[in-house]
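Position in the sequence shown (first residue = 1) + 307 = this note's numbering. Cβ atoms here follow ideal geometry from the backbone N, Cα and C, with glycine treated the same way.
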Amino acid sequence: MSEFLTFNKSKAYIEESSQHLAGGVNSTFRTGMQPNALSFTSGEGAYLTDLDGNKLIDYYLGMGPMILGYNPTSIKQAIQKGIEEGIFFGAQNKHELIAAQMINKLVPSSELVRFCTSGSEAVQASLRLARAATKKNLIIKFEGHYHGWFDNVLWSNKPSLQHAGRRDNPNLVAWTEGQDVHSGDSIVVLPWNDIDLLKKRLSKNDIAAVIMEPAMCNSGGISPKANYLKKTKEACKLHNALLIFDETITGFRFAPGGAQEYYGILPDITILAKAIANGFPVAAITGNKKLMSLLTQGKVVHGGTYNSQFLSMIATVKTLENYSKYNFHYELNNKTIFLKDGIEKVLFDEKITSILSSFPGFMFCGFGTNKQPIEYRDLLNLNNEMYSSFCLEMIKRGVRTLERGAWFISIEHSQDILEETIEIAKHAIVALKTK
Ligand SMILES: Cc1ncc(COP(=O)(O)O)c(C=O)c1O
């Protein structure tokens with residue numbers, strides 16, 4: 308019998324479900340995983356159990372939301388109680404008010420909140436709001452930053468160097484077939500972390516908003532340069548453009564108030580999602596009263612049948628309660644640093660050229676270069692194939708890691724689990740080297 312885990316039942320499941328579900332999955336981003344996409348039967352704490360009965364230490368965290376771990380008791384109990392009162396009213400409920408009050412207290416730039424059900428939707432609302440507020444149309448986005456899967460923002464997410472064009476005037480590179488080519492007409496793409504290029508483009512005074520991940524977590528794990536966010540904010544103000552922080556990943560993770568608290572720079576509009584409700588489909592757009600009042604006056608349309616869904620709002624309140632615990636983020640950060648240092652030591656000892664970075668609850672690891680990246684194009688030197696083989700060696704040994712190098716860490720990743728992960732990483736690297 309093999310000493311390694313096998314995933315044959317998941318494989319068979321995906322094959323069967325492919326007869327009924329397109330590709331056997333419900334998101335493009337769930338395909339192409341090694342050894343194959345998995346189907347899960349349960350989750351508890353930092354673990355997921357798959358159809359084959361494998362209990363895996365999980366660093367996907369459902370692509371980020373499960374910061375409290377899988378199936379936390381407090382949420383489970385609140386939902387069990389709440390479901391006695393109802394499922395969905397398609398109207399206002401007491402929990403949405405409490406959730407909004409909590410967000411306004413936690414997130415420094417937030418005065419008014421609107422809920423929706425996904426980060427992608429919240430991004431769309433933010434762009435509409437920015438255009439309405441500035442009476443301008445163009446949006447600046449950055450190479451390598453992801454803002455959801457809709458046509459108008461699915462530009463230059465991961466262009467090859469061949470297609471990316473000149474660094475100081477990048478091409479807009481579409482990600483998918485079928486993308487409306489005209490949706491790029493309102494988008495300007497720039498390299499991130501270059502204040503001079505940004506200022507130069509803003510000086511034409513035709514930009515409605517600059518949208519960014521305040522730390523680039525969808526491609527690598529790249530910090531903003533010192534003062535980059537501050538100078539960006541100043542330049543936006545000077546040229547009457549709004550600054551949108553897409554805190555879908557960083558929100559509530561980097562700090563109770565997200566990256567804006569972590570870096571001390573407040574945007575005009577904030578997108579919140581993922582860690583807002585620990586797995587329930589909730590996102591939010593927030594800003595100051597003046598700006599958000601465009602929504603209240605009905606001047607800017609924002610809809611969504613399932614917005615502030617009753618049970619999701621209960622989960623939001625129960626999730627947000629954790630972020631005002633004084634040591635939550637301290638602990639989350641310590642766990643992340645412990646894991647990063649441990650993996651870094653393994654890679655150093657085994658002489659694997661690599662880069663690592665970490666923020667509270669998020670870590671990035673890439674192979675093939677030791678030059679710390681500053682922008683998306685620097686990541687094109689990474690050896691993604693080798694990293695993907697590493698992930699395969701990890702999952703065979705019981706640790707599930709994302710092949711794009713991101714690691715999401717929850718409050719349930721205990722010291723023992725982190726130590727076990729580091730030990731397994733050592734074995735995985737040795738196996739990789741002997742291949
Ligand atoms: C920064 C960022 N913005 C937007 C989105 C889209 O969010 P959703 O998948 O909830 O639509 C994501 C998803 O990963 C994201 O990371």
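{"query": "What residue ranges within the segment 643-680 form continuous beta strand (DSSP E) runs of no fewer than 3 residues, ordered along the chain?", "result": "661-666, 669-674"}
{"query": "Residues in the same chain with beta-carbon distance under 8 Å from Leu699, minus the five sequence neighbours each way, listed in chain order, please.", "result": "Gln341, Pro342"}
{"query": "Mind checking Val624: buried by the 16 CB within 10 Å criterion, or exposed?", "result": "buried"}
{"query": "So who's on the other strand from Arg473, going by DSSP bridges?", "result": "Asn476"}
{"query": "Look at the Cβ atom of Ile718, then the Cβ atom of Leu375, and state whether they are nearer than 8 Å.", "result": "yes"}
{"query": "Three Cβ pairs or more, each shorter than 8 Å: is that satisfied between the segment 359-375 and the segment 703-717?", "result": "yes"}
{"query": "Give me the Cβ distance between Gly371 and Ala582, rounded to the nearest whole Å; I'm assuming they're in contact under 8 Å.", "result": "7 Å"}
{"query": "Hey, quick one: how far does the beta strand (DSSP E) through Phe347 stretch, first residue to last?", "result": "347-351"}
{"query": "Only counting runs of 3 or more residues, tell me where the beta strand (DSSP E) segments fall wholly within the segment 314-378, in order along the chain.", "result": "347-351, 354-357, 362-365"}
{"query": "What three-state label does DSSP hand Ile394 in the structure shown?", "result": "coil"}
{"query": "Assuming Arg684 contacts Leu468 (C-beta within less than 8 Å), just tell me the rounded distance between them.", "result": "7 Å"}
{"query": "Can you give me the C-alpha to C-alpha distance between Arg421 and Val495, rounded to a whole angstrom?", "result": "27 Å"}
{"query": "Can you give the Cα-Cα distance for Gly426 and Glu310, rounded to whole angstroms?", "result": "40 Å"}
{"query": "My guess is that Val414 and Thr593 are in contact by the Cβ rule of under 8 Å, so how many angstroms apart are they, rounded?", "result": "6 Å"}
{"query": "Between the alpha carbons of Glu323 and Ser631, how many angstroms are there, rounded?", "result": "45 Å"}
{"query": "Which residues share a DSSP beta bridge with Val420?", "result": "Thr593"}
{"query": "State yes or no: is the C-beta of Ala590 nearer than 7 Å to some heavy atom of ligand 1?", "result": "yes"}
{"query": "Which term fits Glu484, buried or exposed, when burial requires 16 or more other beta carbons within 10 angstroms of its beta carbon?", "result": "exposed"}
{"query": "Rounded to a whole number of angstroms, what is the C-alpha to C-alpha distance between Val589 and Lys658?", "result": "43 Å"}
{"query": "Spell out the partners DSSP gives Val624 in its beta bridges.", "result": "Bridge partners of Val624: none, in fact."}
{"query": "Pop quiz: Phe671 and Ser664 are said to be a contact at Cβ under 8 Å. What is the actual Cβ separation, rounded to whole angstroms?", "result": "5 Å"}
{"query": "I'd like to check one pair, Pro521 with Gln567: are the Cβ atoms closer than 8 Å?", "result": "yes"}
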